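Below: one structure, written as structure tokens.
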Amino acid sequence: MSEQTLKQWLLSDAPTSRMQARVAGLYQGWLRLTSNWMTLTGLIILTALVLVAVCAPLLAPHDPFEQDLLNRLKPIGYDDHYLGTDSLGRDILSRLIYGSRITLYIVALVTLIAPVVGLLVGTVAGYLGGWTDQILMRTTDVFLAFPRLVLALAFVAALGPGIENAVLAISLTAWPPYARMARAETLTIRSSDFIAAIRLQGAGPLRIITRHIWPLCISSLIVRVTLDMAGIILAAAGLGFLGLGAQPPSPEWGAMISEGRRFILDHWWVATIPGLAIFTVSLAFNLLGDGLRDVLDPKDGGHG
Amino acid sequence: MVSVTSQPEEGRKSAPFPAWLRKFLTTCGSIAATMLGLLLVTFVIGRVMPIDPVLAIVGERASQESYDAVYHQLGLDKPLMVQFFYYLWDVLHGDFGNSLLTARPVSQDIARVFPATMELATLGVVIGMFLGIPMGVLSAVHRGTWIDQTIRVLTLVGYSMPIFWLGMMGLLLFYGILGWVGGPGRLDIFFEGLVPSVTGMVLVDALLAGDMDVFWNGFSHLILPASLLGYYSLAYISRMTRSFMLEQLSAEYITTARVKGLSERQVIWGHAFKNIRVQLVTVVALSYANLLEGSVLTEIIFSWPGIGSYITTALLSADMNAVLGGTVVVGLIFICLNILSDLLYKIFDPRAK
């Protein structure tokens, strides 16, 4: 009974308080998001990933770094190594579980850097206009002109290999699209009446950009970041594969594939399993991003 | 009388160039600015690299005098601005310095490896185009049905696969287990050096020499990596085709065409598809540019001696000139393809004028 009333309260057409309207809006977005099985799948996979990363020490059957040279390259299901062992006899399942932490770490760091830089550059360029706009947007064009992986390679070469540098290199190549998007939105927002009203009240550019323009750019930014996340994971895995990302003995998935590459014809599972993990996570981000776009950004792309 | 003759002159004074020329000049200006920026970025990367270019040349046991001599010779004692202009000057003359690994000019190396990448990317984009466009049209026409869903899942999977992993799985299955295709590399070892290298593209060279054995062997090596790149670009091309088609199919002229009693085939291919061709040209050009990037990892998996392998090998052995030279070349090609796609758009679409 109480659940029924809660639902009615949430779905009410005439909210009585600001709080109710906000919660109801979120709830309806949630309903739309979860009504698509593809989006729901993505969400479930990502939740599972977070849980696995958090509970890694509880879930992993072995120490991910413990070598056992007598049991090298054992196949799937050997003894208690459910996914076999790698070339140093380390348990692949445990490495996979600990590797999820690295993947999430990369995702979190890139999410903290790239969209923020893009938002900053784009809104400042769009709001101030003139020479600032010219210079910032030319810079953005230059970064867009590079193929991303090649630019990231060159950056890692300059900074030295390592997971933080790989993240930095990926972020440096990922921000330009956000800057462009934020600028385009700022241009439409800038000329609206409410900005003029705020300006008349005496608000400076800093206040207008941070308090009034940023909140309006956030939703499309979130969609874009979620859709890009798959590409970011793939780029990080690619750098790891080339030996430029996480360094051994770190159980980063891309590096694990690169390790297994030498044995691909005889011991296929060593390289196959981490690849499946990368694929699953990046597919989940793509599914979620697709659904989020439908919910948050109805003008762009229809319901499939 | 006087006023009549002076009027056009005044008009000319206020606008010294015709509009198209001014537009052309601004476009050229912005392209030049982008390219300058690109060179600036590679220059900065080269300066902050933790590799001493002098040590790389003179070796670790050189005396202080020879170190200083080379330091001076490389212009490293000059201000950074001056160094940048030297760098610019060299690049404009096609001089990227010598590669440490091959001890040859980087520009020669790149000219040697680039055809391999082009061969791979071209076949890749052709495959992506011929499969991707019909798939996109099909899923737009059958929107919301199982056909649409299947194609959508297929493209999402393409977006989500690590391409280097897919390449390894392809090698494992089609080369290792089934033996249908050639392994890594461009040719089997017995076929190497049989045809003279004219264009640097094995298939074209084999055709020019009329040697079909070499052609088919080269093809069996090329088809797997090219299909992978094709799948990669197919995902993008079919997605864009779908959204373009959906936009057209909801337009009113389509309803008119249907009301007039045209067959569904005529409506789709004769009306809707005709209107998205221009946009598709841009999409295909862009995905061609993107394949240059996707090919870096694919080339490594398939030991394909292209520009991607060249850059990565150079990177792993700290061969700075080769890395930066390769990056500049790839960046320039990328910019050129982008400009080309813009231009094609303007040529084919009268509204863009």
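From first to last, the protein sequence lines are chains A and B.
Those letters in the first sequence? Residues 1 to 304, per the numbering used here, in order.
Those letters in the second sequence? Residues 1001 to 1353, per the numbering used here, in order.
Yeah, the Cβ is synthetic: ideal placement off N, Cα and C, and Gly gets one too.
Quick caveat, the model's predicted, so the values are computed rather than measured.
So what's residue i in DSSP terms, helix, strand or just coil?
i	result
A:D91	strand
A:H81	strand
A:P177	helix
A:N36	coil
A:P75	coil
A:A248	One point to set straight first is that residue 248 of chain A is Pro, not Ala, in the sequence displayed. The answer is coil: DSSP assigns A:P248 none of H, G, I, E or B.
B:P1184	coil
B:P1079	coil
A:P61	coil
A:P161	coil
B:P1105	strand
B:K1013	At B:K1013, the pLDDT of 48 sits below 50, so the modelled position is not reliable and the matter cannot be decided from this model.
A:G301	Interpretation of A:G301 is limited by its pLDDT of 41, a score under 50 that renders its predicted location unreliable; the figure taken from the coordinates is listed afterwards. Three-state result, A:G301: coil.
Please confirm if residue i has its CB atom under 9 Å from at least one CB of chain A.
i	result
B:A1033	yes
B:T1199	no
B:E1010	Low per-residue confidence applies at B:E1010: pLDDT is 44, beneath 50, and the placement is therefore not dependable, though the value from the model is reported in the following sentence. No, B:E1010 does not count as interfacial toward chain A.
B:F1244	no
B:L1040	yes
B:G1037	yes
B:F1190	no
B:A1062	no
B:S1099	no
B:V1330	yes
Using a C-beta cutoff of 9 Å, does residue i count as contacting chain B?
i	result
A:I45	no
A:G301	Model confidence at A:G301 stands at a pLDDT of 41, short of 50, so the residue's coordinates are unreliable; what they give is reported in the following sentence. Yes, contact with chain B.
A:G238	yes
A:P147	yes
A:G110	First, the residue type needs correcting, since residue 110 of chain A is Val and not Gly in the sequence shown. For A:V110, the answer is no, since every Cβ of chain B falls outside 9 Å of its Cβ.
A:I264	yes
A:D141	yes
A:I278	yes
A:A157	yes
A:T272	yes
A:I102	no
A:I257	yes
A:D290	yes
A:R224	no
A:N165	no
Can you tell which of the options has the C-alpha that lies nearest to the C-alpha of residue i?
i	options	result
B:M1240	B:T1155, B:S1317 and B:T1199	B:T1155
A:R317	A:R183, A:G243 and A:T39	Outside the displayed span of chain A (1 to 304) sits residue 317 of chain A, for which this structure offers no information.
A:S219	A:A182, A:S100, A:A169 and A:S171	A:A182
A:R22	A:P274, A:L10 and A:L6	A:L10
A:L276	A:L227, A:S250 and A:L93	A:L93
A:L242	A:I195, A:N36 and A:G160	A:G160
B:I1151	B:I1133, B:W1165 and B:I1045	B:I1133
A:G254	A:L136, A:A166, A:F194 and A:S191	A:A166
B:A1140	B:L1340, B:L1286 and B:E1247	B:E1247
B:W1165	A:P75, A:L43, A:G291 and A:G240	A:G240
B:G1326	B:A1314, B:F1085, B:L1131 and B:P1018	B:A1314
A:T188	A:L172, A:H212 and A:I273	A:H212
B:L1171	B:G1144, B:V1195, B:I1223 and B:V1126	B:I1223
A:G245	B:G1075, B:W1304 and B:L1316	B:L1316
A:G162	A:Q247, A:G84, A:W175 and A:V116	A:Q247
A:D86	A:I278, A:I45, A:F263 and A:G291	A:F263
B:I1045	A:V223, A:A169 and A:A197	A:A169
B:I1031	B:F1334, B:A1257 and B:A1056	B:F1334
Determine the chain B residues that contact residue i at a beta-carbon separation under 7 Å, and present them in chain order.
i	result
A:S309	There is no way to answer for residue 309 of chain A, as the model of chain A reaches only from 1 to 304.
Starting from residue i, find everything on chain B with Cβ-Cβ shorter than 8 Å and list it in chain order.
i	result
A:T34	None at all; the shortest Cβ gap to chain B is about 18 Å.
A:A230	Y1159 and S1160
A:W268	L1172
Residues of chain A with a CB under 8 Å from the CB of residue i: which are they?
i	result
B:I1311	V150 and L153
B:I1335	A145
I want to verify the contact list: residues of chain B whose CB lies under 9 Å from the CB of residue i, in sequence order.
i	result
A:N71	What A:N71 touches in chain B: nothing, since even the nearest Cβ is about 23 Å away.
A:R261	F1164, M1168 and I1301
A:R138	S1030, A1033, T1034 and G1037
Using a cut-off of 7 Å between C-beta atoms, extract the partners of residue i located in chain A.
i	result
B:L1292	P147
Mind pulling the chain A residues with CB within less than 9 Å of residue i?
i	result
B:M1135	Residues of chain A passing the Cβ test: none, with the nearest at roughly 14 Å.
Handout entry: At least three beta-carbon pairs within less than 8 Å, the stretch 232-241 of chain A to the stretch 95-110 of chain A
Key = yes
Practice task
Spell out a yes or no on whether the stretch 1186-1200 of chain B and the stretch 276-285 of chain A are touching, meaning 3 or more CB-CB pairs, one atom from each, closer than 8 Å.
Solution key: no
Exercise for the section: Determine contact between the stretch 1087-1094 of chain B and the stretch 1165-1177 of chain B, defined as no fewer than three beta-carbon pairs at a distance below 8 Å. Expected result: no
Problem - Inter-stretch contact (C-beta, 8 Å, three-pair minimum) for the stretch 113-133 of chain A and the stretch 261-273 of chain A - result: no
Handout entry: Contact the stretch 135-154 of chain A vs the stretch 1288-1308 of chain B: 3+ CB pairs below 8 Å
Key = yes
Exercise for the section: Could you say if the stretch 52-70 of chain A and the stretch 84-100 of chain A meet the contact criterion of at least three C-beta pairs nearer than 8 Å? Expected result: yes
Exercise for the section: Check whether the stretch 100-107 of chain A touches the stretch 248-263 of chain A, counting contact only when three or more Cβ pairs, one atom from each stretch, lie closer than 8 Å. Expected result: yes
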